[in-house]
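Going by our numbering, the first residue of the sequence shown is number 62, and it counts up by one from there.
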Amino acid sequence: MSNKKVHITGMHCRSCEILIEEELKKIKGVTDVSVSHKDGIADISFKDKLKSLDIRNAVENAGYCIGENAKLPYFSKNKKDYIELGIAFFIVVLLYLVAKQFGVFGLTGLIKGNYGSLPVVFIVGLTAGISTCMALVGGLVLGMSSKFAKQNPESTGLQKFVPHIYFNLGRIASYFVLGGVIGFAGSFFKISTSVLGLLIVAVGFVMLLLGSQLIDIFPFLKTVSFTLPKGLHKLLGIKERTEEKYSNTNSSLLGASTFFLPCGFTQAMQLYAISTGNPLQGALTMGVFALGTTPGLLGVGGLTSAIKGQSSKLFFKTAGVIVLLLAFFNISNGLNLVGIRDVFAKKDVLAQDKNVKIVNGVQIVKMTQKADGYFPNKFTIKKGVPVKWIITSESQYSCASSIVSQGLGIRSSLKLGENIFEFTANKIGTIRFTCSMGMYTGSFNVIN
């Protein structure tokens, strides 16, 4: 038994390792292969002789090259990268202004329901579908569709589109079902507001890394990835399914199995789905995320052929800027839930709050919950005096409709109309409340 180490360039994740291992194992005499994308090395065990040409052909068949990876710099030295980043930022600002002009951000107020974070989840899905999900899952889609085309050379363009439909239907269905499962699993753990905040901050940092990779300003980050153990990857048969004879069932199962693929966006959404502790919200979160990725995956063939060269770089940089903004958005929201931002916030102390009326010895606090937050959202109340907090909900389909206050022990989904909470503050200080995502905040300032 002999052993040979080969340097390979172009790898960036566990999926790359598995693709190369599968090709190398096809070489006659090879008994075992272990590939490391971090080291850029394939360790090959074999009997008798092993030809270098066979190794090169196998690696190239997998889509990679023989050779050593050069050490990647921390910052790009290409001025064009920074110019393109500036253009990408301008495009994002323009898109934001257009969306704001057409009232896209106010659409949540027109829909009934209470899962206001879903529009954000959908945007994350759209971004993932044209970036990391396309890069990771796109290879499976192309492999599946090319197998169908090879087996059905006389099929029309519409017929060749059928595998994509089955793949995405299987994907959306599995994300919805398994999202409900992990949401249900999360219901067994009573997650405090602070822990929920930390989870959202973690999601933000995952997206921060993904966005930083997409803008291509920090080359060294290309070596960082979120991956599943190779054993589990193989156990799920994700690679093998692309090698089977095509069938609509296999196409759907392949789409369903992508729930377990090591995509950072998917893992971030899975983390949030668990944190909801709600089967329905977990299912909706993952289902809407998968739905958001669908346009990118459906158009993977046409999109990758239409967007090439400099256009593709600008395209992915723009997606990266969007991801970074969403990352900072999540981190800010998480810090709101943890209470860190409140430590540095300016506190206005009013001896008499016009929004607080005393009726029959009870402090009456009236607040309106709209699609974009709470109005008013700051109140001054007296210690030891009962409080009747009346919240009028005008928009259920908003993150603001799910209100949380660790200090008051409140975690509730507001119904349309009046919602009443009664409590007595026995300590001087600040009692905070936020929506369940930390997007919208408010506070009670307790005085003597």
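All residues carry an ideal CB built from backbone N, CA and C; glycine is no exception.
Subject >> In chain order, each alpha helix (DSSP H) run of at least 4 residues that lies wholly inside the stretch 82-120 >> reply: none
Original post:
For Ser255, which of Phe505, Arg493 and Phe266 has the nearest alpha-carbon?
Top reply: By one-based count along the sequence shown, residue 255 stands at place 194. It is Arg493 whose Cα lies nearest to the Cα of Ser255.
Original post:
Looking only at its own chain, which residues have a Cβ that is under 6 Å from the Cβ of Cys77, when we skip the five neighbours before and after it?
Top reply: Counting from one through the sequence shown, the residue named residue 77 turns up at place 16. Taken in chain order, the residues that qualify are His98.
Subject >> Alpha-carbon to alpha-carbon, Leu187 and Val355 >> reply: Within the sequence shown, numbered from 1, the residue matching residue 355 stands at position 294. Within the sequence shown, numbered from 1, the residue matching residue 187 stands at position 126. Checking the displayed sequence, the identity of residue 355 turns out to be Thr instead of Val. Rounded to whole angstroms, Thr355 to Leu187 spans 8 Å at the Cα level.
Subject >> Expected contact under 8 Å - CB spacing of Met268 and Leu387 to nearest Å >> reply: As a position in the sequence shown, residue 268 is number 207, starting the count at 1. As a position in the sequence shown, residue 387 is number 326, starting the count at 1. Going by Cβ atoms, the distance from Met268 to Leu387 rounds to 6 Å, so yes, they are a contact pair.
Original post:
Exposed or buried, what is Asp93 when buried is set at 16 or more other beta-carbons lying within 10 Å of its beta-carbon?
Top reply: By one-based count along the sequence shown, residue 93 stands at place 32. Exposed, since its Cβ has fewer than 16 Cβ neighbours within 10 Å.
Subject >> Run of the alpha helix (DSSP H) containing Tyr435, from where it starts to where it stops >> reply: For the purposes of this step, residue 435 is identified with residue 374 of the sequence shown, where counting begins at 1. That residue, Tyr435, is in no alpha helix (DSSP H); its beta strand (DSSP E) goes Gly434 to Phe436.
Original post:
So what does DSSP say about Met428, is it helix, strand or coil?
Top reply: One-based indexing of the sequence shown puts residue 428 at position 367. Strand.
Original post:
Helix or strand or just coil, what does DSSP make of Val349?
Top reply: As a first step, residue 349 must be located in the sequence shown, where it is residue number 288. Correct three-state label for Val349: helix.
Original post:
Can the beta-carbon of Val182 be found less than 8 Å from the beta-carbon of Thr346?
Top reply: Walking along the sequence shown from the start, residue 182 turns up at place 121. Walking along the sequence shown from the start, residue 346 turns up at place 285. The answer is yes: Cβ separation under 8 Å.
Original post:
Nearest CA to the CA of Ala317: which residue from Ile442, Gly490, Tyr227 and Phe505?
Top reply: On the sequence shown, residue 317 is found 256 positions in, with the first residue counted as 1. When only C-alpha atoms are compared, the closest one is Tyr227.
Original post:
Where does Asn339 sit, in a helix, a strand or coil, going by DSSP?
Top reply: Stepping through the sequence shown from its first residue, residue 339 is reached at position 278. Note: Asn339 maps to coil in three-state DSSP.
**OP:** Could you tell me the distance, in whole angstroms, from the CA atom of Leu332 to the CA atom of Gly265?
**Re:** By 1-based counting over the sequence shown, the position of residue 332 is 271. By 1-based counting over the sequence shown, the position of residue 265 is 204. Leu332 and Gly265: Cα-Cα distance of roughly 11 Å.
Original post:
Leaving out the 5 sequence neighbours to the left and right, which residues in its chain are closer than 7 Å to Ala263 when beta-carbon positions are compared?
Top reply: Reading the sequence shown from its first residue, position 202 is the one you call residue 263. Closer than 7 Å at Cβ, skipping near neighbours: Leu332.
Subject >> Gly147 - DSSP class collapsed to helix/strand/coil >> reply: Residue 147 sits at position 86 when you count from the first residue of the sequence shown. Helix, per DSSP.
Original post:
So what's Gly503 in DSSP terms, helix, strand or just coil?
Top reply: If you number the sequence shown from 1, residue 503 lands on position 442. Of the three classes helix, strand and coil, the one that applies to Gly503 here is strand, per DSSP.
**OP:** Grab the span of the alpha helix (DSSP H) containing Pro180 for me, first residue to last.
**Re:** As a working note, residue 180 is residue 119 in the sequence shown. Leu179 to Gly190 is the extent of the alpha helix (DSSP H) around Pro180.
**OP:** Compute the Euclidean distance between the alpha carbons of His68 and Ala103, then round it to the nearest angstrom.
**Re:** Within the sequence shown, numbered from 1, the residue matching residue 68 stands at position 7. Within the sequence shown, numbered from 1, the residue matching residue 103 stands at position 42. Going by the C-alpha atoms only, they are around 6 Å apart.
**OP:** Pick out whichever of His225, Lys449 and Leu275 has its Cα sitting closest to the Cα of Gly145.
**Re:** Within the sequence shown, residue 145 is the residue found at index 84, counting from 1. The amino acid at residue 145 is misidentified as Gly; the sequence shows Glu. Nearest of His225, Lys449 and Leu275 to Glu145, Cα basis: Leu275.
**OP:** Would you mind reading off the limits of the beta strand (DSSP E) that contains Thr310?
**Re:** Residue numbering aside, residue 310 sits at position 249 when the sequence shown is read from its first letter. Taken as a continuous stretch (DSSP letters only), Thr310 belongs to no beta strand (DSSP E), being part of the alpha helix (DSSP H) at Asn309 to Ser318.
Subject >> Cβ neighbours of Leu230 in the same chain (closer than 8 Å, five flanking residues each side left out) >> reply: Start at 1 with the first residue of the sequence shown, and residue 230 comes out as number 169. Hits under 8 Å: Ser313 and Gly316.
Subject >> Beta-bridge partners of His68, as assigned by DSSP >> reply: Taking the sequence shown and counting its residues from 1, the one referred to as residue 68 is at position 7. DSSP output for His68 lists Ile102 as bridge partner(s).
**OP:** State buried or exposed for Met330, treating a residue as buried only when at least 16 other CB atoms are found within 10 Å of its CB.
**Re:** On the sequence shown, residue 330 is found 269 positions in, with the first residue counted as 1. Classification of Met330: buried, given that the 10 Å Cβ count is 16 or more.
Original post:
In whole angstroms, what is the alpha-carbon distance linking Gly241 and Phe249?
Top reply: By 1-based counting over the sequence shown, the position of residue 241 is 180. By 1-based counting over the sequence shown, the position of residue 249 is 188. Computed Cα separation, rounded: 13 Å.
**OP:** Identify whether Val446 lies in helix, strand or coil by the three-state DSSP scheme.
**Re:** Residue mapping note: residue 446 aligns to position 385 of the sequence shown, counting from 1. Reduced to three states, the DSSP call for Val446 is coil.
Original post:
In chain order, what residues of the same chain lie with their CB nearer than 7 Å to the CB of Val108, ignoring the 5 residues before and after it?
Top reply: Stepping through the sequence shown from its first residue, residue 108 is reached at position 47. It should be pointed out that residue 108 corresponds to Lys in this sequence rather than to Val. Around Lys108: Met62, Gly90 and Thr92.
Original post:
So, Leu271 versus Ser336, is the Cβ gap smaller than 8 Å?
Top reply: The residue you call residue 271 lines up with position 210 of the sequence shown. The residue you call residue 336 lines up with position 275 of the sequence shown. Not in contact: Leu271 and Ser336 (Cβ atoms no closer than 8 Å).
**OP:** Just tell me which of Ile243, Ser113 and Asp100 has its CA closest to the CA of Phe321.
**Re:** Reading the sequence shown from its first residue, position 260 is the one you call residue 321. Per the Cα distances, Ile243.
**OP:** Taking Gly478 as part of the beta strand (DSSP E), name the residues at either end of that continuous run.
**Re:** On the sequence shown, residue 478 is found 417 positions in, with the first residue counted as 1. Run containing Gly478: Gly478 to Thr485, per the beta strand (DSSP E) assignment.
Subject >> Cα-Cα separation, Ile152 to Gly348 >> reply: Translated into positions along the sequence shown, residue 152 becomes position 91. Translated into positions along the sequence shown, residue 348 becomes position 287. Each residue's alpha carbon lies about 28 Å from the other.
Original post:
Quick one: is Arg232 buried, meaning 16 or more other Cβ sit within 10 Å of its Cβ, or exposed?
Top reply: Stepping through the sequence shown from its first residue, residue 232 is reached at position 171. So Arg232 ends up on the buried side.
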